[in-house]
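Inspection log for the structure reproduced underneath, given as structure tokens.
Number of protein chains: 2
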Amino acid sequence: MDFFDHCRYSVAMANRTLQTLDPIACCAPVRSDVLDEAQAVLLANSFAALADPIRLRLLSHIAAAGGAEVCACDLTVVSGRSQPTVSHHMKILVDAGLVDRDKRGLWVWYRLVPSRLDALRAVLG
Amino acid sequence: MDFFDHCRYSVAMANRTLQTLDPIACCAPVRSDVLDEAQAVLLANSFAALADPIRLRLLSHIAAAGGAEVCACDLTVVSGRSQPTVSHHMKILVDAGLVDRDKRGLWVWYRLVPSRLDALRAVLG
DNA sequence: CATCTAGATTGATGTTCGTCGATGTAGTTA
DNA sequence: TAACTACATCGACGAACATCAATCTAGATG
Numbered sequence: 019m020d021f022f023d024h025c026r027y028s029v030a031m032a033n034r035t036l037q038t039l040d041p042i043a044c045c046a047p048v049r050s051d052v053l054d055e056a057q058a059v060l061l062a063n064s065f066a067a068l069a070d071p072i073r074l075r076l077l078s079h080i081a082a083a084g085g086a087e088v089c090a091c092d093l094t095v096v097s098g099r100s101q102p103t104v105s106h107h108m109k110i111l112v113d114a115g116l117v118d119r120d121k122r123g124l125w126v127w128y129r130l131v132p133s134r135l136d137a138l139r140a141v142l143g
Numbered sequence: 019m020d021f022f023d024h025c026r027y028s029v030a031m032a033n034r035t036l037q038t039l040d041p042i043a044c045c046a047p048v049r050s051d052v053l054d055e056a057q058a059v060l061l062a063n064s065f066a067a068l069a070d071p072i073r074l075r076l077l078s079h080i081a082a083a084g085g086a087e088v089c090a091c092d093l094t095v096v097s098g099r100s101q102p103t104v105s106h107h108m109k110i111l112v113d114a115g116l117v118d119r120d121k122r123g124l125w126v127w128y129r130l131v132p133s134r135l136d137a138l139r140a141v142l143g
């Protein structure tokens, strides 16, 4: 089975007409991607920050503050994890640009970065 | 430093007025989350499917087909990975509900599930 | 100065993940 | 039937991750 058999098969099996498409483009083994390697790595890193239940709940808690800031001292209770673990997860959220960190005196305050979430939403649209 | 000192400190340091807010709500150590544990686990699983550069490029390639289907046989070249690795990643995308799988004859065809991506977008908004 | 406190960092441990060669399986071809 | 093909699964390996006790650091307090 050669290249054009492959094309014909795809047409028959997909049960669609391809008259308006270039028969070469329809089966080209290499197609130019929307995402290049570098973009994919950056985006994957952002989504990885969201790929943990604890971080999602921490983020949700901060988001629920409605633009106000949330004290780090409350987050251990919210997440049910130890202080070092919460600190670790918050660092990941801050590094991903999803949350801003501000230390004032002994306490650390976090607030959402809505533009960063908007950017991720745009990627999914 | 007691509970109310904590409140006063937060007010002073945040340099914001809190007249319109309940002083107890402002510093409540436990606040009801938007996401409960179960929701967070489910969502984290979906985002984890997007948290890999290879999977993002595979998804992007399928999305670039504009609603049409893409043959699995093209994806090894697109991703630059071995056939078992691609199969592994596509299973994760299918299990996450982001992609539909259809085997016809010897070939497997994938297509995007836009509603699933929309659902994730809604979570970020 | 010494003491106390909130949070970051370190180090160690068990788990999960990405990867691919080898093999299995369903479907096609001759 | 036997040979071939496209994809899935298995098994193993190294890398990355989540977790927390112990420790460090910066800032406040006395």
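One line per chain: the protein sequences are A and X, in this order.
Position in the first sequence (first residue = 1) + 18 = the numbering used here.
Position in the second sequence (first residue = 1) + 18 = the numbering used here.
Glycine is no exception: its CB is placed at the ideal position from the N, C-alpha and C atoms.
Can you list, in chain order, the residues of its chain whose CB lies under 6 Å from that of residue i, leaving out five sequence neighbours each side?
i	result
A140 (chain X)	none
V96 (chain X)	H79
A114 (chain X)	S64, A67
Please tell me whether residue i and residue j are closer than 9 Å, where the distance is taken between their beta carbons.
i	j	result
L74 (chain A)	L53 (chain X)	yes
A90 (chain A)	W125 (chain A)	yes
V104 (chain A)	L76 (chain A)	yes
G98 (chain A)	L130 (chain A)	no
L111 (chain A)	L142 (chain X)	no
State the Cα-Cα distance for the pair residue i and residue j, rounded to the nearest angstrom.
i	j	result
I72 (chain A)	R119 (chain X)	31 Å
A137 (chain X)	K109 (chain X)	20 Å
S64 (chain A)	G123 (chain A)	30 Å
Y128 (chain X)	S100 (chain A)	43 Å
L61 (chain A)	L93 (chain A)	26 Å
A87 (chain X)	A58 (chain X)	For clarity, residue 87 (chain X) is Glu in the given sequence; the question names Ala instead. Roughly 31 Å between the two C-alpha positions.
L116 (chain X)	E55 (chain A)	20 Å
H106 (chain X)	K121 (chain A)	43 Å
P132 (chain A)	D70 (chain X)	23 Å
List the residues of chain X that residue i touches, going by C-beta distances under 9 Å, in chain order.
i	result
G145 (chain A)	This structure gives no information on residue 145 (chain A), because the portion of chain A shown stretches from 19 to 143.
A90 (chain A)	Under the 9 Å cutoff, chain X gives no residues; its nearest Cβ is about 12 Å from A90 (chain A).
A114 (chain A)	None at all; the shortest Cβ gap to chain X is about 11 Å.
L111 (chain A)	Neighbours of L111 (chain A) on chain X: none; closest Cβ ~13 Å, over 9 Å.
Going along chain X in order, which residues have a C-beta closer than 7 Å to the C-beta of residue i?
i	result
L61 (chain A)	L74
A58 (chain A)	P71, L74, R75
For residue i, which residues in chain A fall below 8 Å Cβ to Cβ?
i	result
V52 (chain X)	S78, H79, A81, A82
Keeping to the same chain, check which residues put their C-beta closer than 7 Å to that of residue i; ignore five residues upstream and five downstream.
i	result
K81 (chain A)	Here residue 81 (chain A) is Ala; the residue named in the question, Lys, does not match the sequence. Excluding positions up to five away in sequence, the list reads L130.
Could you work out which residues of chain A lie near residue i, taking near to mean beta carbons separated by less than 9 Å?
i	result
L130 (chain X)	Under the 9 Å cutoff, chain A gives no residues; its nearest Cβ is about 11 Å from L130 (chain X).
Please list, in chain order, all residues of the same chain as residue i whose beta carbon is under 8 Å from its beta carbon, the five residues on each side excluded.
i	result
P102 (chain A)	none
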